[in-house]
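Chemist: Just so you know, we're using the UniProt record's numbering here: the sequence shown kicks off at 1 and counts up by one. Even for Gly, the Cβ is constructed at its ideal location relative to N, Cα and C.
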Amino acid sequence: MGLDRLEAQAKKTLPKAVYEFYSGGAETESTLRDNRNVFQRYKLLPRLRPASLTVDMSTSLLGQPLSMPILIAPTALQCLAHPDGELATSRAAARCGTAMVVSTNATHGVDEVAATGNPFLMFQLYVFRNREAVRGLVQEVERLGYKALAVTVDVARPGNREADTRNAFAVPAHLRVKNLDWAKTHQNVPSPSSGNPSQAAAQHDYAAAVPMPSSDGATQAAARSHQASRQDGADHSGQTADQAAPYHSMHANVYDQALTWEFIPWLRTITRLPIFVKGILSPLDAHIALDHGVDGIMVSNHGGRQCDYALATLDVLPSITAVANRRVPVIVDGGIRTGADVLKALALGADGVMIGRPVLYGLAVKGQQGVEQVLETLRIELQASMVYAGCSSLKHINRRLLVSTSGYGQ
Ligand code: FNR
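And the structure:
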């Protein structure tokens with residue numbers, strides 16, 4: 001099944017507010033659309049090749065093997081799609097031989113995801129206002145065997161997503177964003193950046209912003225009933241609106257909205273894990289990131305969910321791979337839905353791609369199996385595209401495979 005059909009099925013399965021939270025973008029959704037549309041600009045020129053061409057899609061990242069250059073992007077609140085949430089995604093990634101980037105806003109704790117035994121987990125970090133909380137969480141993921149950090153830098157403000165406002169989208173009371181317990185534990189410890197006068201008030205608001213059910217048992221039972229109601233086809237999206245704070249307030253109250261590059265050298269002092277920055281669009285920022293010693297760049301506009309009218313990621317990718325100049329890996333995400341899309345991103349210089357929403361749709365439709373289906377669909381499609389393009393391994397993929405239609409034959 002192509003990934004578009006899977007999305008259509010997920011739309012039927014999920015409560016409307018959840019589907020709109022997953023699928024939506026910021027404001028006019030211009031960037032959301034552009035992320036997809038930009039792939040139209042590049043075409044392939046298939047060649048006749050020997051039928052025996054075998055294709056090797058294997059690669060590595062940070063010395064870790066990957067069966068293909070397709071990774072799982074961090075996405076929040078996966079238990080809204082399926083009660084196994086991030087656990088199912090992690091198992092699917094491991095089965096398919098690829099990496100998963102686990103979100104700070106996961107609905108399972110970093111320890112629970114690590115316990116699935118996935119050998120290549122990365123942790124996506126939203127930087128808490130409180131640096132001691134950051135230290136605690138980062139050192140915990142390092143201890144648990146996560147292989148790298150991805151610091152998300154495109155969330156200086158919560159994205160303005162109109163559907164979420166209309167739906168009063170909130171984290172349902174039966175789900176916990178367990179990684180935020182770190183921020184809760186440290187809410188009374190002063191942070192190095194405590195020059196911010198609103199901080200004390202923000203920390204006071206924190207308990208209200210993040211629902212904390214009293215026991216895991218209660219959480220699981222509620223998750224099961226959520227799943228049952230989903231299967232009824234009932235829309236219970238509003239059922240917890242009075243018990244839970246809007247998702248936005250979590251961003252504003254807990255996360256550092258005044259993040260600067262100084263954070264990267266500080267992070268180095270507390271961890272030996274490789275550091276990616278996620279959310280780079282400007283080549284100038286790519287330069288600055290490299291000057292701050294990052295180990296990798298993730299070109300991303302958060303799937304069009306943050307700054308509307310930000311450039312599409314495929315548009316900025318070549319200028320950023322030029323800056324990186326193979327010194328560090330460059331991963332790109334946004335709108336990748338077919339194997340040909342993956343080929344195009346690699347041809348424009350990416351070392352790998354990440355997929356966000358399709359994973360959530362796979363989870364919603366069939367849990368772990370659905371996520372595996374998403375990854376295997378992309379694998380088969382990438383293999384076919386590579387055969388058409390005459391590439392027997394990833395190192396044969398380069399810019400010359402792509403034709404920009406406006407210029408061809410003129
Ligand atoms: C995201 N994304 C995201 N990014 C991040 O760094 N931390 C997060 O918690 C989340 N959460 C999140 C939730 C949902 C519902 C979506 C759709 C996206 C952004 C994500 O990592 C990635 O950049 C985009 O999803 C990639 O675009 P596609 O593949 O969804 O088009």
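Among all the DSSP beta bridges, which residues are the ones paired with residue 348?
Modeler: None; residue 348 has no bridge partner.
Chemist: Please name the residue, chosen from 315, 330 and 313, that lies closest to residue 321 on a Cα-to-Cα basis.
Modeler: When only C-alpha atoms are compared, the closest one is 330.
Chemist: Using a Cβ-Cβ cutoff of less than 8 Å, which residues in the same chain neighbour residue 402 once the five nearest sequence positions on both sides are dropped?
Modeler: Same-chain partners within the cutoff: 42, 43, 44, 344, 347 and 348.
Chemist: Three Cβ pairs or more, each shorter than 8 Å: is that satisfied between the segment 362-369 and the segment 55-72?
Modeler: No, because fewer than three Cβ pairs between the segment 362-369 and the segment 55-72 fall closer than 8 Å, the two stretches do not touch.
Chemist: Skipping 5 residues on each side, what residues in its chain have a beta carbon closer than 6 Å to that of residue 46?
Modeler: Here the set comprises 388.
Chemist: Could you pull the start and end residues of the beta strand (DSSP E) that residue 333 belongs to?
Modeler: Here the beta strand (DSSP E) through residue 333 covers 330-333.
Chemist: Any heavy atom of the ligand FNR closer than 7 Å to the Cβ of residue 395?
Modeler: Result no, Cβ not under 7 Å from the ligand FNR.
Chemist: Going straight from the alpha carbon of residue 183 to that of residue 124, what length do you get?
Modeler: Taking the straight line joining both Cα atoms gives about 15 Å.
Chemist: Restricting to Cα atoms, I'd like to know which of 15, 24, 16 and 17 is closest to residue 357.
Modeler: The residue with the shortest Cα to Cα distance from residue 357 is 24.
Chemist: DSSP has residue 72 in a bridge; who is on the other side?
Modeler: Per DSSP, 100 and 355.
Chemist: Let me know if residue 158 comes out buried or exposed under the rule of 16 or more other beta-carbons within 10 Å of its beta-carbon.
Modeler: Result: buried.
Chemist: So, residue 180 versus residue 254, is the Cβ gap smaller than 8 Å?
Modeler: Result yes, Cβ atoms of residue 180 and residue 254 sit closer than 8 Å.
Chemist: With respect to the beta strand (DSSP E) encompassing residue 110, which residues constitute its N-terminal and C-terminal limits?
Modeler: Not the beta strand (DSSP E): residue 110 falls in the alpha helix (DSSP H), residues 110-114.
Chemist: Given this structure, state the Cα-to-Cα distance separating residue 148 from residue 122, to the nearest angstrom.
Modeler: Approximately 5 Å, taken between the alpha carbons.
Chemist: Can you determine whether any heavy atom of the ligand FNR sits closer than 7 Å to the C-beta of residue 286, and answer yes or no?
Modeler: It does not: the Cβ of residue 286 is nowhere closer than 7 Å to a heavy atom of the ligand FNR.
Chemist: Tell me, please, which residues DSSP counts as bridged to residue 169.
Modeler: Looking at the DSSP assignment, residue 169 forms no beta bridge with any residue, so it has no partner.
Chemist: Any contact between the segment 376-387 and the segment 332-344? By contact I mean 3 or more CB pairs, one from each, below 8 Å.
Modeler: Taking 8 Å as the limit for Cβ pairs, the verdict is that the segment 332-344 does touch the segment 376-387.
Chemist: Verify whether the separation of the beta carbon atoms of residue 400 and residue 270 is less than 8 Å.
Modeler: No; because the gap between Cβ atoms is not below 8 Å, this pair is not in contact.
Chemist: In the DSSP assignment, find the beta strand (DSSP E) that holds residue 43 and state where it starts and stops.
Modeler: Element bounds for residue 43: 42-44.
Chemist: Can you list the residues near the ligand FNR, meaning Cβ strictly closer than 5 Å to any non-hydrogen atom, in the order they appear in the chain?
Modeler: Spelled out in chain order, the answer is 22, 73, 74, 75, 76, 103, 105, 124, 152, 300, 302, 303, 333, 334, 335, 355, 356 and 357.
Chemist: By the three-class DSSP mapping on this structure, what secondary structure does residue 373 have?
Modeler: DSSP places residue 373 in helix when its eight states are reduced to three.
Chemist: Taking the C-alpha atoms as reference points, what is the distance between residue 94 and residue 13?
Modeler: Cα to Cα, residue 94 sits roughly 26 Å from residue 13.
Chemist: How many angstroms separate the CA atom of residue 216 from the CA atom of residue 176?
Modeler: Its pLDDT being 33, under 50, residue 216 is placed unreliably in this model, and the value from its coordinates should be taken loosely. Approximately 9 Å between the Cα atoms of the pair.
Chemist: Restricting to runs no shorter than 4 residues, where is the alpha helix (DSSP H) found entirely within the segment 294-326?
Modeler: Within the segment 294-326, the complete alpha helix (DSSP H) runs of at least 4 residues are 313-324.
Chemist: Given this structure, state the Cα-to-Cα distance separating residue 195 from residue 374, to the nearest angstrom.
Modeler: With a pLDDT of only 38 at residue 195, under the threshold of 50, the placement of this residue in the model should not be trusted, and no figure is reported.
Chemist: Per DSSP, what kind of secondary structure is residue 247 in: helix, strand or coil?
Modeler: In this structure, residue 247 counts as helix in the three-state DSSP scheme.
Chemist: How far does the beta strand (DSSP E) with residue 139 in it reach, from first residue to last?
Modeler: Not the beta strand (DSSP E): residue 139 falls in the alpha helix (DSSP H), residues 131-143.
Chemist: In the DSSP output, which residue or residues are listed as bridge partners for residue 126?
Modeler: DSSP output for residue 126 lists no bridge partner at all.
Chemist: If I'm right that residue 301 touches residue 154 with Cβ under 8 Å, what's the distance once you round it to whole angstroms?
Modeler: Contact holds; Cβ gap of about 7 Å.
Chemist: How would you call residue 119, buried or exposed, if buried means at least 16 neighbouring beta carbons within 10 angstroms?
Modeler: It counts as exposed.
Chemist: Residue 15 to residue 325, Cα distance in whole Å?
Modeler: In a straight line, the C-alpha of residue 15 is about 44 Å away from that of residue 325.
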